[in-house]
């Protein structure tokens, strides 16, 4: 009897499989269009290509939202039927059911129209940023905000704000109430620490960073760094884009981009380490999960924790650069002739308020995220309008960082995220930093992290992260992963302790 029931249940899941396969294939096709649009596609292609993207998006919608899938999910999510599924099948059903409940409430014609808009908006933003012209992007951004609010209204549950809906899409269960408390803790700790630290900045000269570093040499060194941390060029590639990012089709096709500035050595170096951390996550997903709905990173916050762990916790440490600094100086002997390792470590960790989030040091970084979080809350609630954004942006930079962006290019237009409709995404950057610090607090109890770095042996670190995080794909959410690894859910205290200890050691203990 039991075997017959299991066989019957397998048949039910097998009926769902063609829809899963089709949705994954269409998702990969859309990923390729996005990759091409950000890297190699000619500017003149976007308007016509957007129609193709819209059509594919409509097919994706139909592959997931249809009567057969609804019926199968209803059967497969019943408690008695769940018991007959494998752990992977249960995770797939859970993920698909969540996605179904979000998408089914959105009319298909609206979904297609929105996807067509997004296929154009990235290029509109890029041109507006290049020309320092917010007014050129504002009409498109108004449409995106309007669509986002409309879709959130469709899926909003009792007690949730529209912005809560957007936040929950990126980090399950982390809403404004939790984030207000989270950012409140960071604000009370970071602001006074930043004042103490920046008072010591006069003794740190990092003008070396702005000397001339030929881009071709930067490309070569960044390829070396990618391989050094574990990027597999048999399964991944590196391209260039206006805003560095990571994407993938599966665990054997992972793609990252970088951006190079001749007079900013650090930018490309830490971008490739950052995006490499994202890539290692996708490389590490178990084969049985890849090419399924749970075959990618579990959330934006956990994904960001991996990139920030490599970029900051490892990549800005002295232990990381001890075996690498000689090669760095050999690559640019004239530019770095007068720089010692101790100078470089202070330089790459110098805490100094600036207008650009992606160039921000670890200590000022969470303030950049708080600014965007507060602006998004106000924008989605209707307290402010799109046309108010440049002024509000500059006001908050004066309030939090004591600086004013010189123009909209380094102000409200600096980030790509709003052009992709990613409202509720920015907090994941701060969450990611906090998760990275929490992981590190427990990792170094089991692994001699500094010793591994000094020996150029990053394999134990990669394996630890693969075992506890990467291999699971999105079968577990952030707090489930953290609880299994550390014994507790997200705890911002680890992040605060990490920043306090690091910057006290770098700055205040050396007075």
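Numbering (this note's numbering), first residue to last: 299 to 809. For glycine and all other residues, C-beta sits at the position ideal for the given N, C-alpha and C.
Nearest to residue 764 by alpha-carbon distance, out of 649, 478, 689, 578, is 578. Segment contact: the segment 564-574 against the segment 518-527, three or more CB-CB distances shorter than 8 Å; contact assigned.
Taken in chain order, the complete alpha helix (DSSP H) segments of 4 residues or longer contained in the segment 598-642 are 598-606, 616-619, 623-629.
Taking 8 Å as the cut-off, the Cβ atoms of residue 667 and residue 725 count as close.
Put simply, the backbone Cα of residue 620 is about 21 Å away from that of residue 505. Residues of the same chain with a CB within less than 8 Å of the CB of residue 350, apart from the 5 flanking positions on each side, are 331 in chain order. If you draw a straight line from the Cα of residue 325 to the Cα of residue 588, it is about 13 Å long. As computed with DSSP, residue 385 is found in no beta bridge at all. Pairing residue 421 with residue 717, the inter-Cα distance amounts to about 9 Å.
Under the three-state reduction of DSSP, residue 592 is assigned to coil, being neither helix nor strand.
In this structure, 591 is the residue among 407, 591, 708 with its C-alpha nearest to the C-alpha of residue 316.
Residue pairing by DSSP puts residue 554 in a beta bridge opposite 536, 544. By the CB criterion at 8 Å, residue 789 and residue 597 fall outside the cutoff. Note on the segment 703-781: whole alpha helix (DSSP H) runs with a minimum of 4 residues are 725-744, 747-752, 757-766, in chain order.
The beta carbon of residue 603 lies closer than 6 Å to those of 730, 733, 734 in the same chain, with the five residues before and after it left out.
In the structure shown, residue 443 falls within a helical segment according to DSSP collapsed to helix, strand and coil. Within the segment 385-461, the complete alpha helix (DSSP H) runs of at least 4 residues fall at 385-401, 406-428, 432-453. Listed in chain order, the alpha helix (DSSP H) runs fully inside the segment 448-531 are 460-468, 474-496, 513-527, counting runs of at least 4 residues.
Shortest Cα-Cα distance from residue 455 to any of 466, 446, 445 involves 466. Straight-line measurement puts the Cα of residue 677 at about 18 Å from the Cα of residue 665. In this structure the segment 680-693 lies against the segment 427-444, because at least three pairs of beta carbons, one per stretch, are closer than 8 Å. Burial state of residue 348 is buried, judged by a 10 Å Cβ sphere holding 16 or more other Cβ atoms. The continuous alpha helix (DSSP H) containing residue 353 extends over residues 344-362. For residue 469 against residue 599, the beta-carbon gap comes to about 5 Å, under 8 Å, which counts as contact. At a cut-off of 3 residues, not a single continuous stretch assigned as beta strand (DSSP E) sits fully inside the segment 651-699. Separation of the CB atoms of residue 321 and residue 361 is rounded to 4 Å, and the pair is thereby assigned contact status at 8 Å.
In the displayed model, residue 644 falls within a helix according to three-state DSSP. The C-alpha of residue 537 is placed about 15 Å away from the C-alpha of residue 547.
Excluding sequence positions up to five before and after residue 446, its CB lies within less than 7 Å of the CB of 464, 719, 721, all in the same chain and listed in chain order. Just so you know, the alpha carbons of residue 605 and residue 453 end up roughly 31 Å apart. Across the structure, residue 484 and residue 652 are spaced so that their CA atoms are roughly 18 Å apart.
A Cβ-Cβ separation of about 5 Å places residue 359 in contact with residue 409 under the 8 Å criterion.
By the CB criterion at 8 Å, residue 539 and residue 337 fall inside the cutoff. In this structure, residue 584 sits near residue 769, with a CB-CB distance shorter than 8 Å. In the DSSP annotation of this structure, the continuous segment of the alpha helix (DSSP H) that includes residue 368 starts and ends at 365-374. Taking C-beta atoms under 8 Å as the contact rule, residue 781 and residue 740 fail to qualify, at a distance of about 12 Å.
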